[in-house]
Amino acid sequence: MIYQYAQQTASVVSTMAGNFQNFARMSTDYSSADLIWELPAPAPAPQAGADAGTPGWQSLAIDGLHWDYPRPTTADPAQKTDTGPRGGLHDVQLELARGRRIALVGASGGGKSTLLRVLAGLYAPRDGTLARDGQPLPWTELAGMATLIPQESEIFEASVRENLTFGEPVPEAALDAALHTSAFDDVLARLGQGLATPLSERGFNLSGGQRQRLNLARGLLAARDSSLLLLDEPTSALDAATEARVFERIATAFGHACIVASIHRLSLLDRFDAIVLMDAGRVADAGPRDEVLQRQPLLRQLASAPPAPPKSAPLPPAAPPVDPFAEAPSPA
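Residue numbers (the working numbering): 18 to 349.
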């Protein structure tokens with residue numbers, strides 16, 4: 018009898034201790050949010066992709082664009098900080114036009130992703146001018162014109178529909194168009210519950226290519242009203258045939274917009290009107306596709322090369338089956 022009372026008491030104490038730990042953890046979490054609430058309210062920014070204040074533009078001109086990575090600071094004034102170059106963008110000149118498809122190419126670290134983030138209004142340039150149809154335009158206006166689709170994005174523990182719409186009301190026609198353009202409709206057809214299919218956190222129940230198609234569908238859905246579509250290698254995990262089909266569909270669906278895409282497969286260049294070659298944060302060459310390819314023989318050679326087939330080591334010849342009960346040959 019005493020043992021049973023002691024066991025029940027221990028169970029109650031254990032439950033109380035667990036609840037106390039949960040309350041302590043919740044209190045810490047809520048306290049950490051105080052830093053956010055104490056921050057000053059930011060100025061209202063244009064809604065991304067809404068083209069607020071910039072309807073019907075035809076051309077954007079960027080001149081003398083400079084953007085630098087923040088330099089590390091030190092509390093010790095006697096300690097010298099690095100004053101050398103830290104990447105970024107340097108004296109970038111660029112012409113964008115509605116209906117134009119521009120490919121960003123260049124080595125890794127050349128500034129392609131940084132340039133896309135400036136065009137999306139995420140990075141404020143240190144210097145440079147922006148003009149719309151010949152008239153000066155603040156850099157902050159880009160956020161209302163552009164939608165940037167990154168290479169990777171977060172996938173939440175929710176249904177496919179919730180990951181695409183975030184609970185916002187979306188016309189079914191727009192949703193179907195985004196699914197088709199991204200080729201995620203092929204994936205959806207193989208899922209048992211369609212848009213109601215539950216996804217695990219970070220999308221671990223999807224392959225890398227399927228996650229990219231989902232991410233692309235989400236971005237294209239958000240960009241349906243954008244006049245400047247920015248793509249930062251969102252199809253790098255797709256096979257060459259699917260990637261080519263996706264870019265063809267994007268060009269058709271966003272024929273009214275200017276498309277700027279960082280690409281890793283140069284065989285896609287025949288789907289673009291112009292090329293911008295980036296090197297060390299500068300525009301090394303830019304212009305119509307055929308003219309740039311004529312000036313860059315190595316680029317032309319890589320663009321015309323067929324995709325390399327997957328490499329696989331040849332399998333060794335199969336050994337003949339061995340009968341464990343066979344008699345060993347008698348020695349000669």
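Where is the CB? At the ideal position from N, CA and C, for every residue including glycine.
Chain-order list of residues whose beta-carbon lies under 8 Å from that of residue i (same chain, five-residue window excluded)
| i | result |
| --- | --- |
| P327 | Unreliable positioning characterises P327 in this predicted model, as indicated by a pLDDT of 43, which lies under 50. The coordinate reading is nonetheless provided below. Counting only Cβ-Cβ distances below 8 Å, and skipping sequence neighbours, we find nothing. |
| T182 | L192, L238 |
| D51 | none |
| D290 | R117, R118, I119, P305, R306 |
The alpha helix (DSSP H) enclosing residue i, as first and last residue numbers
| i | result |
| --- | --- |
| H11 | The displayed coordinates of the chain run from 18 to 349. Any statement about residue 11 would go beyond what the structure contains. |
| G226 | 225-239 |
| A195 | 189-198 |
| P134 | Looking at the sequence shown, residue 134 is not Pro but Arg. Its alpha helix (DSSP H) spans residues 129-136. |
Cβ-Cβ separation, residue j to residue i (assumed contact under 8 Å), whole Å
| i | j | result |
| --- | --- | --- |
| W84 | Y140 | 6 Å |
| L132 | M295 | 7 Å |
| A120 | I292 | 5 Å |
| Q110 | V300 | 6 Å |
Limits of the unbroken beta strand (DSSP E) element including residue i
| i | result |
| --- | --- |
| H83 | 76-84 |
| A301 | 299-305 |
| A50 | Premise fails: A50 is in no beta strand (DSSP E) and is neither H nor E. |
| R178 | From DSSP, R178 is part of no beta strand (DSSP E) but of the alpha helix (DSSP H) over 177-182. |
| A163 | 163-166 |
| L147 | 144-149 |
DSSP-derived helix/strand/coil call for residue i
| i | result |
| --- | --- |
| D287 | helix |
| R312 | helix |
| R266 | helix |
| Q110 | strand |
| G35 | helix |
| L255 | coil |
| Q24 | helix |
| G211 | helix |
| G220 | helix |
| A141 | coil |
Close Cβ partners of residue i (< 6 Å) along its chain, the five nearest in sequence each way excluded
| i | result |
| --- | --- |
| T157 | none |
| I276 | R118, L246 |
Cross-strand partners of residue i (DSSP beta bridge)
| i | result |
| --- | --- |
| I276 | R118, L246 |
| D296 | R299 |
| P186 | Bridge partners of P186: none, in fact. |
| P153 | A148 |
| G123 | M295 |
Chain-order list of residues whose beta-carbon lies under 7 Å from that of residue i (same chain, five-residue window excluded)
| i | result |
| --- | --- |
| F271 | L246 |
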